[in-house]
Each structure stands twice: as C-alpha cells, then as structure tokens.
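If you read the sequence shown in my numbering, its first letter stands for residue 227, the second for the next number, and so on.
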Amino acid sequence: MSKPCKLDGEPRLWSEGDSINDLTALLHCAYAKWVDHGIRFVASYQDDGTTATRIRERECWILTSAGTIVGTVTLYLPKPDSPCEWYKRPGVAVLCQLAVEPTHQRHGHGRGLVTWCEQRAVALGAKDLALDTAERLSTLIAWYEGLGFRKVDYHQWRNVEHRNVVLSKDLSKNPLSRGEIR
Ligand SMILES: CC(C)(COP(=O)(O)OP(=O)(O)OC[C@H]1O[C@@H](n2cnc3c(N)ncnc32)[C@H](O)[C@@H]1OP(=O)(O)O)[C@@H](O)C(=O)NCCC(=O)NCCS
Numbered sequence: 227m228s229k230p231c232k233l234d235g236e237p238r239l240w241s242e243g244d245s246i247n248d249l250t251a252l253l254h255c256a257y258a259k260w261v262d263h264g265i266r267f268v269a270s271y272q273d274d275g276t277t278a279t280r281i282r283e284r285e286c287w288i289l290t291s292a293g294t295i296v297g298t299v300t301l302y303l304p305k306p307d308s309p310c311e312w313y314k315r316p317g318v319a320v321l322c323q324l325a326v327e328p329t330h331q332r333h334g335h336g337r338g339l340v341t342w343c344e345q346r347a348v349a350l351g352a353k354d355l356a357l358d359t360a361e362r363l364s365t366l367i368a369w370y371e372g373l374g375f376r377k378v379d380y381h382q383w384r385n386v387e388h389r390n391v392v393l394s395k396d397l398s399k400n401p402l403s404r405g406e407i408r
C-alpha cells in the first residue's frame, strides 16, 4: 500500500476554475484497471466533453491533495424518465463516476466519498442512495456491500457492452458508512 497522502480538506464541489481535463485524466487512470478484466467503463475512455456532460447539473465532488485532484464522485437525483427502473423510484439519489487516483487508493478515500454522498443524499431529501456497476466485478460489489449496499436490480446501458448490477442503500435504516475523509 502506498503512503497516505494529506488531503487539502473535505470534498469540495467542482467549480469552473477546475480543469475538466485533469478530471478526465483521473477517471481514465482509475478505471484503467478494469479494462484488464474485460470491462470498459465509459469513464475509462470518455473525452472531456463527455466528462463535462456527466457532471452538468449534478453535484461533482472532488478531493484534492496539494491542489491536485486525487478523488471524485458525482451525485444526482435522477429524472423520472431514467432508463434504469430503480432510478425512477421516488427518493432515490444516484452516485456515479466514483474514482480515487491509484496511488492514493486503499486509504479510505473511496469509502469517505461514498459516506459524503450518503450525507448529501439525505440533505437533498433522498431516502436511498443507489449506483450501478459491472455485475462481473465481484470484489468491487463486495466492497459496496460492506458499506451497506444491497443488490436490487440489473441494468443494461445502451452504450456499454457489459450488464450492470444496481446496488442501493436504504439511508433511513442503515447507519452512514464509517468513512473518514483523511
Ligand atoms: C473503488 C475505489 C473508488 C475505492 O477507492 P479507495 O480509496 O481505494 O477505497 P477505500 O480505501 O475506502 O477502500 C478500499 C480498500 O482499502 C481498504 N483500506 C482502506 N483503508 C485502509 C488502510 N488504512 N489500510 C489498509 N487497508 C485499507 C479497505 O478495507 C478496502 O479493502 P478491500 O478493497 O480489500 O475490501 C477505487 O478503487 C477506484 O477508483 N477504483 C476504480 C474506479 C472504480 O471502480 N469506481 C467504482 C465504479 S462503480
């Protein structure tokens, strides 16, 4: 495991002064490990325009260390016409584009970002926090299950080859993940 990095503080919202190119680069390098497993997440190859579209009108949170983006997650309240059935349910908030820069992984930052989303989801009035990920990535799914998420559905996005499992956490029943932003 790499040496823990000192974060500049709590997650902060993406702002216009931040580099979309740096955010895209972080997503590419974090998601690259799944390409070796045969899973091509859009985040592993998307261009800056797609990154900008995927954070527009959503809460994009970033973690920085010495001014460099080392982690990110995006949170939103889906529209009722979402292609994903579970996301149409009232009171569901969704997190996506969760990533921690590889040399900063395994220090609790990922868990901390999920906890942050749980707090934000509650503040936005959501009852559940959901996400979807490749159904074949059992270790990643187990990590989410360890944070209190459970499998609720499957979904096939039109622009990806693999099928995704939908995971959700009932925020009214489950305590917040014990994540720390360190
Ligand atoms: C998923 C991801 C965000 C997790 O980020 P992270 O910062 O490594 O997450 P955490 O450190 O909170 O937890 C990860 C692991 O480190 C362990 N860990 C955390 N702090 C630790 C510490 N101080 N010492 C030892 N282990 C530690 C956790 O127990 C967990 O272990 P496990 O995976 O073996 O069960 C990161 O791996 C990533 O960016 N992956 C690529 C993109 C991706 O898959 N995103 C999600 C798509 S749905």
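Just so it is clear, CB atoms sit at the ideal spot from N, CA and C, and this is done for glycine as well. Values in this document were obtained by computation on a predicted structure and should not be read as measured data.
Note to self: To the nearest angstrom, how far is the alpha carbon of aspartate 274 from that of aspartate 248?
What the structure shows: 9 Å
Check: Under the rule that 16 or more other beta-carbon atoms within 10 Å means buried, what is arginine 346, buried or exposed?
Finding: With 16 or more other Cβ atoms within 10 Å, it is buried.
Notebook entry, point to check: For glutamine 323, does the count of other Cβ atoms within 10 angstroms reach 16, so buried, or fall short, so exposed?
Noted result: buried
Note to self: I want to see whether chain B comes within less than 8 Å of serine 364, judged by CB atoms only; does it?
What the structure shows: Among the chains in the structure shown there is no chain B, since it carries only a single protein chain.
Margin query: Given this structure, state the Cα-to-Cα distance separating glutamate 344 from threonine 300, to the nearest angstrom.
Written below: 12 Å
Notebook entry, point to check: By a C-beta neighbour count over all protein chains shown, 10 Å radius and 16 as the cutoff for buried, is lysine 377 buried or exposed?
Noted result: exposed
Note to self: Assuming tyrosine 313 is part of the alpha helix (DSSP H), what are its boundary residues?
What the structure shows: Where tyrosine 313 is concerned, there is no enclosing alpha helix (DSSP H), given that its DSSP letter is neither H nor E.
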